[in-house]
Amino acid sequence: MPAPFILDRSSVTQVMAWVLAALLPGIAVYVWLFGPGILVTLSLATVTALVAEAAMLKARGYPAKPFLTDLSAIVTAWLLALSLPALAPWWLIVTGTLFAIVVAKHLYGGLGQNIFNPAMVGYAVLIVSFPLQMTQWPGPLSLTDAPLTLAQSASVIFGGDLPKAMLDAVTMATPLDALRTGLLQQLTVDEIMVQPIFGHYGGIGFEWLAGAFLLGGLLLWALRIISWQVPLAFLAGIWLAAGFLHFFDAGRFGAPWFHLFAPSVMLGAFFIATDPVSGSTTPRGRLIFGFGAGLLTIIIRTWGGYPDGVAFAILLMNLSVPLIDAWTQPRIYGGATRRGKAPPA
Amino acid sequence: MIEQLKAAARNALRSGMILFVFALIATALLVFTFSRTEPTIERSRQAEKLALLSQVLPPALYDNDLLASQQAVPPHELLGTRQDSARWIARRGDTVTAVVLEAIAPDGYSGNIALLIGIDVDGNVTGVRVTAHRETPGLGDYIVRSKSPWIEQFVGKSLTAPESKRWKVAKDGGQFDARAGATITPRAVVKAVHAALNYFARNRAALLAAESAPDPAPDQETPP
Amino acid sequence: MTLQEFNTIFQNGLSKQNAGLVQLLGLCPLLAISTTLVNALSLGLATTLVMASASGAVSGVRHFVPHEIRIPVFVLIIAALVTVIDLLMNAFVHPLYLVLGIFIPLITTNCIVLARADAFASKNRPLHSVVDAVAMGLGLTMVLVVLGGMRELAGQGTLLSGIDLVFGEEAKQFVLHVVPDYQGFLLAILPPGAFIALGLLIAAHNWQKARAERRVHAAAPMPA
């Protein structure tokens, strides 16, 4: 049974380096369509993650260098940063990253032991604690009058010293927010979709971003760094659940394509749900894991109290992994024991 | 065999009796405490309700016993109610000065928002309070007075000031302020208050008149 | 009761068998109500009061209760006492009662109360039982207070907020604004914050225990 068990540190570094590389197309599109603010967020998250990682390794009595250079902390930082609104204030980024590294990663035993995806824990903590700041998404550049420069973005992130009127002009509701808002105003999906924020599938800019993440994800799959089961099942879960609701009442539920190309889905499907540590380890288990996460995403998006559901869906499925693994463990003929997940070396 | 059954029955009877005695003692204890605390509890309850009502009515507007003026209002679309709601009448001397209505905003971010709305005889809002809601903490819950003074901006508003098309949040081109990123909740509240004012305008006579009758009948719609 | 017995019972309640940190019993109210220090302390003391009276009563009647119906009788006693306290709080500290709400009646279902009644009070003399209940209750209260303090400080940057609910409006001045102009960290106040904070407390308790054990080992002379 091939499984992405982490064998030694050098292979971890290699895998992590490929994951970072696969994120680059997404980051490039992000900068191109939404402005350079994301670069500030990424850098700040990276620095925070490395400092936190070093401090926790020291506190736990591990040598810092081999673990610091395995790049896993940077992957966590980037995934979290890419999930945050690009103009989130600095303390938001620092708090989320600290929570991801210190609590979700090291308090659970460090790389290979964490039951939850650290980046998603960081995200969940932030969206629950600071929902207001978590909605400051800059609009796509094609829809904004005065795009922010790198320096301006940095000053917003570190000082928050942008006049409210200007910030209102720069930030706008994401397609998911716009859909939810419109539905609550008793508009039908068709009436909502004529707003400028919506593009062909998932919203201007956002659909290209989703496409870039998809591209990076396919690269990881081609390199056999991630399995095909999780992303495919995740996307299928979203498509089927959204499709079912849409078929049932097209006026009140967004189209499946729209849900697939909302920004967080591709990132979640290829980069986050595929985390070998917090995901399922059996092939059939991965199908269940991915499908369940997709299904939950749509349920939370449609009826939940928060704007997006990908993070919560993945965390809930992380929680179900021991059960899924126990169910789907291939049983050796004649062997009577049911084993849980084998601990990564 | 018979002997064993008899012993078991005796045992069960004995246990039952003991349980009964304990139940009796417990009941007596409760009856005693209840009778001693009931008047105080009732007073606290009334005071609490009165405190809530007085938040939507300036004290200068009434000198009557507000709680005694409570009557049922049949469900109405404009109030967002599906069941009878309550209505209180404020009087100063013999003149009716204001009415307090219960209303529901059905389209909050996560379900119903229950409101208490004070309206004076001229149709001006004297105050609004949220009595129950399930909005996202930290995002939509600033409509609650203890979190922010947002809800105070309704005071003094009426159907004519601002005019109907300005009874919206600022983002939709209206008069009412709302926090960026959280407009669904205030939008629902603004809409509900506006609808309640409309309800008041249509049923003004019935709402205010029922009170002047010494023994008010359950109120009806305005006769055509 | 000797001093030594007394000490053992108290050590058990406060540390070794601490209801919140070691036995992990009665977590529902522990997690739900520990949003502020005042809430936590109030619920803790109410629970302690229930435990002390319940354990005393159970111990007093232990010879009259047949083994097979002891649980229903104990539950009856506890439920009656909780209802009495519920009524008393409703009457005399009404605002606080509104905050603690459902969790006062729910003390009935708090397993730590029944656990002490069954495991200790039904086998020991009344004085011992009351002392045990007080020790256990105080142990729980202690955890609740620390938890409430942590969550309140992290969540809203204050301590003792809501103290006016217990001592009246004038007590508002005792609220400590530890961090002025605090942004607020909602997570700490929401349910997940309770689990995270309790996890940290248990970790601290275990760490301290492990250290104490290590010290004992280090101090003990090496076997020859």
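Top line first, the protein sequences correspond to chains A, B and C.
Quick note: the first sequence uses the numbering used here, first residue 20, plus one each step.
Quick note: the second sequence uses the numbering used here, first residue 22, plus one each step.
Quick note: the third sequence uses the numbering used here, first residue 10, plus one each step.
Where is the CB? At the ideal position from N, CA and C, for every residue including glycine.
Keep in mind the model is a prediction, meaning the values are calculated, not measured.
Listed along chain A are 143, 144, 147, each with a C-beta nearer than 9 angstroms to that of residue 201/C.
Comparing C-alpha distances from residue 48/A to each of 225/A, 274/A, 262/A shows the shortest one belongs to 225/A. Not flagged as an interface residue toward chain B: residue 81/A, since no C-beta distance is shorter than 8 angstroms. Using beta-carbon distances, residue 159/A does not count as an interface residue toward chain B, since no partner is under 8 angstroms. For the set 139/B, 158/B, 207/B, 164/B, the Cα lying nearest the Cα of residue 112/B is the one of 139/B. In the three-state DSSP reduction, residue 165/C falls in the helix class (H, G or I).
For residue 123/B, the closest of 216/B, 230/B, 23/B by C-alpha to C-alpha distance is 216/B. About 4 angstroms separates the Cβ atoms of residue 303/A and residue 347/A, confirming a contact at the 8 angstroms cut-off. Following the DSSP letters along the chain, one finds residue 65/B in no beta strand (DSSP E) but inside the alpha helix (DSSP H) bounded by residues 23 to 77. Taking C-beta atoms under 8 angstroms as the contact rule, residue 315/A and residue 332/A qualify, at a distance of about 4 angstroms. Taking residue 234/A as reference, the option from 257/A, 280/A, 208/A with the minimal CA-CA separation is 280/A.
Within the segment 235 to 268 of chain A, the alpha helix (DSSP H) runs of at least 4 residues that lie entirely inside it are, in chain order, 248 to 267. Residue range 106 to 113 is occupied by the beta strand (DSSP E) that includes residue 106/B. Interface annotation, residue 151/A: in contact with chain B, CB-CB separation under 8 angstroms.
Comparing alpha-carbon positions, the option among 184/C, 213/C, 189/C, 148/C lying closest to residue 20/C turns out to be 148/C. Bounds of any beta strand (DSSP E) do not take in residue 111/C, whose DSSP letter is neither H nor E. Counting C-beta atoms within 10 angstroms of its own C-beta, residue 185/B has fewer than 16 neighbours from the protein chains shown and is therefore classed as exposed.
Put simply, the backbone Cα of residue 257/A is about 9 angstroms away from that of residue 318/A. Under a 10 Å Cβ-count criterion, residue 214/B is classified as buried, with 16 or more other Cβ atoms of the shown protein chains found around its own Cβ. Around the Cβ of residue 157/A, a 10 Å sphere holds 16 or more other Cβ atoms; the residue is buried. By the 16-neighbour rule on beta-carbons within 10 angstroms, residue 342/A is exposed.
Residues are counted here when their Cβ sits less than 7 angstroms from a Cβ of chain B; for the segment 43 to 73 of chain C these are 73, given in chain order. With contacts defined as CB atoms closer than 8 angstroms, residue 329/A and residue 299/A fail to qualify as a contacting pair. Collapsing the DSSP output to three states places residue 118/B in a strand. Residue 147/A: member of the alpha helix (DSSP H) spanning 137 to 148, first to last residue. For chain B, the residues of the segment 314 to 329 of chain A that bring a beta carbon within less than 7 angstroms of one of its beta carbons are 324, 325, in chain order. Interface annotation, residue 160/B: in contact with chain A, CB-CB separation under 8 angstroms. Rounded to the nearest whole angstrom, the C-alpha separation of residue 87/A and residue 102/A is 23 angstroms. Listed along chain C is no residue with a C-beta nearer than 9 angstroms to that of residue 156/B; the closest approach is about 13 angstroms. For the pair residue 107/A and residue 176/A, the CB atoms are nearer than the 8 angstroms cut-off.
Here residue 129/B really is in contact with residue 154/B; their C-beta atoms are around 6 angstroms apart, less than 8 angstroms. Excluding residues up to 5 positions away in sequence, 306, 309, 310 lie with their Cβ nearer than 6 angstroms to the Cβ of residue 252/A in the same chain. Going by DSSP, residue 139/B is part of no alpha helix (DSSP H) but of the beta strand (DSSP E) stretching over 132 to 141. Contact note: residue 179/C does not reach chain B at a C-beta cutoff of 8 angstroms; the least C-beta distance is about 17 angstroms.
In the displayed model, residue 59/A falls within a helix according to three-state DSSP.
Per the Cβ contact rule, the segment 148 to 167 of chain B is not in contact with the segment 222 to 232 of chain B (fewer than 3 Cβ pairs under 8 angstroms).
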